[in-house]
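S.K.: Structure in structure tokens, see below.
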Amino acid sequence: MNKIFENTKSIWVKYTDYELKEDKTGIAYLTPAKDAAPIMYKPFDVAENIVLDAVNIGKMLISKEAEKEIDKAIMAFVKNYGLLGIMTAIPTTPSFMDYEAVYLTKNPFIDNESMTTFGYLGYFFPFEKPDLSKNGKECRWDIGGDVGAMALALTLGDEPMAFALSLQKLYAERYDWIKTMFRDWAFTFITSTLYYNDKHSLTDEQKMLYQKSIMIYDGIAPTYHIALKEDKPVLVWDFYSLSNVIRLLFSSALTDEKNPLRLCRHCQNAFIASRPNALFCSTQCKNRFNVYKTRKKGKK
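Position one of the sequence shown corresponds to residue 29 (my numbering), numbered consecutively onward.
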């Protein structure tokens with residue numbers, strides 16, 4: 029999975045701790061904890077884990093498992109990988125701070141096709157606002173005395189300002205929006221799995237329903253630039269949102285012919301198959317399934 033694109037530029041930030049907070053209207057957000065420290069890493073280095081964790085959390089949501097278990101799994105996810113970066117995922121460009129307004133792609137969260145910059149930022153900074161001033165296309169950001177914020181801003185000085193803002197400690201994401209993204213990935217995975225499992229018994233109308241259902245999944249492409257390497261120019265893909273990294277990795281795993289994303293026949297968890305016809309995530313699950321099957325036959 030790490031060889032999906034030959035050249036990628038993908039870094040992200042996770043914090044050592046997160047908390048669930050409610051704003052004045054009672055809307056719940058996930059945000060870095062007050063004393064949390066930032067840790068920079070490369071999502072492509074943990075490609076398989078991040079996809080499996082995202083899909084399995086989505087399956088928990090679809091199955092309506094206990095809220096405490098879901099909350100625990102989501103908190104573990106953000107501690108391992110960080111927030112999803114929704115703020116830079118749904119605009120038409122991650123450089124939206126350089127424009128007079130923010131223009132949005134079709135998404136399940138905000139109906140408006142365009143918004144004022146500060147109106148849009150309000151969705152992601154509900155508790156404390158970054159010190160920003162804007163005049164038309166010009167935008168200034170006073171980082172203040174936060175050492176961690178200053179270090180991140182300096183490290184990401186050549187990146188879009190919105191990207192650096194989305195990695196700051198003040199940044200927050202609505203909890204229900206995070207759940208929606210996990211649920212959508214799992215829905216796409218389950219729809220694909222059921223379609224191929226039941227394909228021979230489905231009517232043409234049922235097949236069409238499955239095909240239309242999976243078309244709801246939209247894959248927003250990352251941006252790219254051309255870099256001059258020693259022997260030739262190459263395309264370098266830029267990722268400014270963790271959710272877009274997951275979208276690409278998930279899509280590639282789902283369509284991979286050699287090591288596809290599969291549903292374990294025994295434990296019903298998602299796994300990356302070691303071969304195209306693998307049915308179980310582990311030898312343990314395979315043995316347990318065979319024991320269960322043998323016992324079931326014995327009772328008959």
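C-beta: ideal position from N, C-alpha, C; glycine also.
Does any heavy atom of the ligand ATP sit closer than 7 Å to the C-beta of residue 319?
M.R.: As far as ligands go, the structure on display features none, and thus does not contain the ligand ATP.
S.K.: What did DSSP end up calling residue 266 once you bin it into helix, strand or coil?
M.R.: In this structure, residue 266 counts as strand in the three-state DSSP scheme.
S.K.: Residue 41 to residue 236, Cα distance in whole Å?
M.R.: Cα to Cα, residue 41 sits roughly 41 Å from residue 236.
S.K.: Quick one: what's residue 119 bridged to in DSSP?
M.R.: Partner(s): 132.
S.K.: By DSSP's criteria, residue 291 is part of a beta bridge. Which residues make up the other side?
M.R.: In the DSSP output, where bridge partners are listed per residue, residue 291 has 298.
S.K.: With respect to the alpha helix (DSSP H) encompassing residue 101, which residues constitute its N-terminal and C-terminal limits?
M.R.: Here the alpha helix (DSSP H) through residue 101 covers 95-109.
S.K.: From the DSSP output, in three-state form, read off residue 315 for me.
M.R.: Three-state DSSP puts residue 315 in a helix.
S.K.: If distances are taken between C-alpha atoms only, which option among 102, 115 and 58 comes closest to residue 87?
M.R.: Looking at the Cα atoms, 102 is the closest of the given residues.
S.K.: Taking the beta carbon of residue 46 as the centre, do at least 16 other beta carbons fall within 10 Å, making it buried, or is it exposed?
M.R.: Under this definition residue 46 is a buried residue.
S.K.: Write down the C-beta distance between residue 274 and residue 79 rounded to the nearest angstrom, noting that I regard them as a contact closer than 8 Å.
M.R.: About 6 Å separates the two Cβ atoms, so the contact holds.
S.K.: Please report how far the alpha carbon of residue 178 lies from the alpha carbon of residue 89, in whole angstroms.
M.R.: Cα to Cα, the separation comes out at about 37 Å.
S.K.: Considering only residues of the same chain and omitting the five flanking positions on each side of residue 122, which have a CB-CB separation below 6 Å?
M.R.: Once the five neighbours on either side are set aside, the close Cβ partners of residue 122 are 116, 188, 190, 191 and 268.
S.K.: Using a 10 Å radius around the Cβ and a threshold of 16 neighbouring Cβ atoms, would you call residue 261 buried or exposed?
M.R.: Exposed is the call here.
S.K.: Quick one: what's got a C-beta closer than 8 Å to residue 183's C-beta in the same chain, skipping five residues either side?
M.R.: Answer for residue 183: 68, listed in chain order.
S.K.: In terms of residues, what are the limits of the beta strand (DSSP E) holding residue 87?
M.R.: From DSSP, residue 87 is part of no beta strand (DSSP E) but of the alpha helix (DSSP H) over 75-90.
S.K.: Opposite residue 46 in the DSSP bridges: which residues?
M.R.: Paired residues: 60.
S.K.: Measuring CB to CB, does residue 111 end up less than 8 Å from residue 120?
M.R.: The answer is no: Cβ separation not under 8 Å.
S.K.: Nearest to residue 124 by alpha carbon, out of 144, 270 and 287?
M.R.: The shortest Cα separation from residue 124 among 144, 270 and 287 belongs to 144.
S.K.: Distance check for residue 105 and residue 238, CA to CA, integer angstroms please.
M.R.: Residue 238 and residue 105: Cα-Cα distance of roughly 29 Å.
S.K.: When you compare each of 264, 276, 37 and 138 to residue 27 by their alpha carbons, which one comes out closest?
M.R.: For residue 27 there is no data in the structure shown, the boundaries of the chain being 29 and 328.
S.K.: Using the beta-carbon count (16 or more within 10 Å), is residue 308 buried or exposed?
M.R.: Looking at its Cβ environment, which holds 16 or more other Cβ atoms inside 10 Å, residue 308 is buried.
S.K.: So, under 8 Å CB-CB, residue 136 and residue 200 are touching, yes? Tell me the CB distance rounded to an integer number of Å.
M.R.: The Cβ separation is near 18 Å, so there is no contact.
S.K.: Would you tell me roughly how many angstroms separate the C-alpha atoms of residue 100 and residue 229, rounded to the nearest one?
M.R.: Straight-line Cα distance between these residues: approximately 38 Å.
S.K.: Sort 294, 318 and 283 by Cα distance to residue 304 and report the nearest one.
M.R.: Out of 294, 318 and 283, 283 has the C-alpha closest to the C-alpha of residue 304.
S.K.: Which partner residues of residue 160 appear in the DSSP bridge assignment?
M.R.: In the DSSP output, where bridge partners are listed per residue, residue 160 has 169.
S.K.: Could you please give the first and the last residue of the uninterrupted alpha helix (DSSP H) stretch that includes residue 189?
M.R.: Unbroken alpha helix (DSSP H) run through residue 189: 189-194.
S.K.: How would you write the range of the beta strand (DSSP E) that residue 203 sits in, first residue to last?
M.R.: Taken as a continuous stretch (DSSP letters only), residue 203 belongs to no beta strand (DSSP E), being part of the alpha helix (DSSP H) at 203-226.
S.K.: For the candidate residues 258, 220, 95 and 65, whose alpha-carbon lies nearest to that of residue 175?
M.R.: That would be 65, whose Cα lies nearest to the Cα of residue 175.
S.K.: If contacts are defined as beta-carbon pairs under 8 Å, then residue 25 and residue 297 qualify, I think. What distance do you get, rounded to the angstrom?
M.R.: This structure gives no information on residue 25, because the portion of the chain shown stretches from 29 to 328.
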